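Trainee: Sharing a structure, written as structure tokens. Questions coming.
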Amino acid sequence: MPAVTRILLTGFEPFLEYRENPSALVGEALDGTLVAGARIHAATLPVAYDRAPAALFDAMDRLRPDAVILCGLAFETESIRLERVALNLDDTRHADNDGTVRRGRPILPGGPVGHWSTLPVDLIRDRLEAAGTPVSVSRDAGGYLCNHIFFQARQRIAGARLDIPCGFVHLPPLPEQVRDRQGRTGMTLLDQVRAMTLLIETLVEAAQAPAPSPARTS
Ligand code: PCA
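Below you can see the structure in the form of structure tokens.
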């Protein structure tokens, strides 16, 4: 993995009944800051199948980042949820912010079934766990906009043969968003920002680590 000095960090605008989206707020908090020597550039994407990819590609073209970290809200989770795979599939009954519903539809007909995250997912989980941050690893990012943009980003990076890590992180709701839900706590914005900072530090350090030397044969 080449050195990481410029990171594109994306979040999403509010959607459905969620009036605030912590992913955009985390981006706003980290925008312009330096984390482990890498400059963070945040962008907030529309929750719309027809508009989100153009907004992402525009930010990628302008910035030419050496890592892309995509974030969104998963209302049902209580942890920082690292996604392993982006599927070539839009599949949910929920409408996007333009009123579009997509069910059982490939994002790129004829394209690959999916793409792996190229973030060091297991290393990040271990580091967050060691720091006492609630963290989980999930197989895929669902069938809505988060999976959609994850697939689009990875497809573009793979298609252009860019050697830049890219992955998706689902964030839990804020405490005030789950106040009336029994047994739920949510996660404060400060804790989410701290968790994302540690995630970015882990990524930057992993990119700096020397490549393993070839095995000796003698
Ligand atoms: N979460 C949704 C889309 C936007 C967001 O923040 C999702 O999980 O697909």
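Position one of the sequence shown corresponds to residue 325 (my numbering), numbered consecutively onward.
We put the beta carbon where it would ideally sit given N, CA and C, even for glycine.
In this text the structure is predicted, and so the values were computed from the model without any measurement.
#1: For the alpha helix (DSSP H) that residue 424 lies in, which residues bound it at each end?
#2: Taking residue 445 and residue 391 to be in contact with their CB atoms under 8 Å, please state how far apart those CB atoms are, rounded to whole angstroms.
#3: Quick one: is the Cβ of residue 347 within less than 7 Å of any heavy atom of ligand 1?
#4: If we ignore side chains and look at the alpha-carbon of each, how far apart do residue 454 and residue 381 end up?
#5: Taking buried to mean at least 16 other C-beta atoms within 10 Å of its own C-beta, is residue 507 buried or exposed?
#6: Whose C-beta lies closer than 6 Å to the C-beta of residue 460 among residues of the same chain, with five residues either side of it excluded?
#7: Give me the Cβ distance between residue 411 and residue 438, rounded to the nearest whole Å; I'm assuming they're in contact under 8 Å.
#8: Any idea what DSSP makes of residue 504, helix, strand or coil?
#9: Taking buried to mean at least 16 other C-beta atoms within 10 Å of its own C-beta, is residue 472 buried or exposed?
#10: Does the region 407–423 come within contact of the region 358–368, defined as at least 3 CB pairs closer than 8 Å?
#11: Quick one: complete alpha helix (DSSP H) runs, 4+ long, within the region 333–384?
#12: Please determine, among 413, 523 and 510, the residue with the shortest C-alpha to C-alpha distance to residue 493.
#13: If I follow the unbroken beta strand (DSSP E) through residue 487, where does it start and stop?
#14: Please name the residue, chosen from 535, 441, 433 and 517, that lies closest to residue 364 on a Cα-to-Cα basis.
#15: At what residues does the beta strand (DSSP E) containing residue 407 begin and finish?
#16: Note down the Cα distance separating residue 527 from residue 485, rounded to an integer number of angstroms.
#17: Strictly by DSSP, which residues pair up with residue 464?
#18: Return the residue from the list 427, 532, 531 and 519 that minimises the CA-CA distance to residue 353.
#19: What is the C-beta distance between residue 442 and residue 490, in whole angstroms, given that I count them as a contact (C-beta under 8 Å)?
#20: What residues match up with residue 393 in a beta bridge as DSSP calls it?
Mentor: The short version:
#1: Run containing residue 424: none; DSSP gives neither H nor E here.
#2: Not quite, the Cβ-Cβ distance comes to about 14 Å (not below 8 Å), so this is no contact.
#3: yes
#4: 35 Å
#5: exposed
#6: 403 and 405
#7: 5 Å
#8: coil
#9: buried
#10: no
#11: 346–354
#12: 523
#13: It is not in any beta strand (DSSP E) - residue 487 carries neither H nor E in the DSSP assignment.
#14: 517
#15: 404–411
#16: 20 Å
#17: 409
#18: 519
#19: 6 Å
#20: 333 and 491
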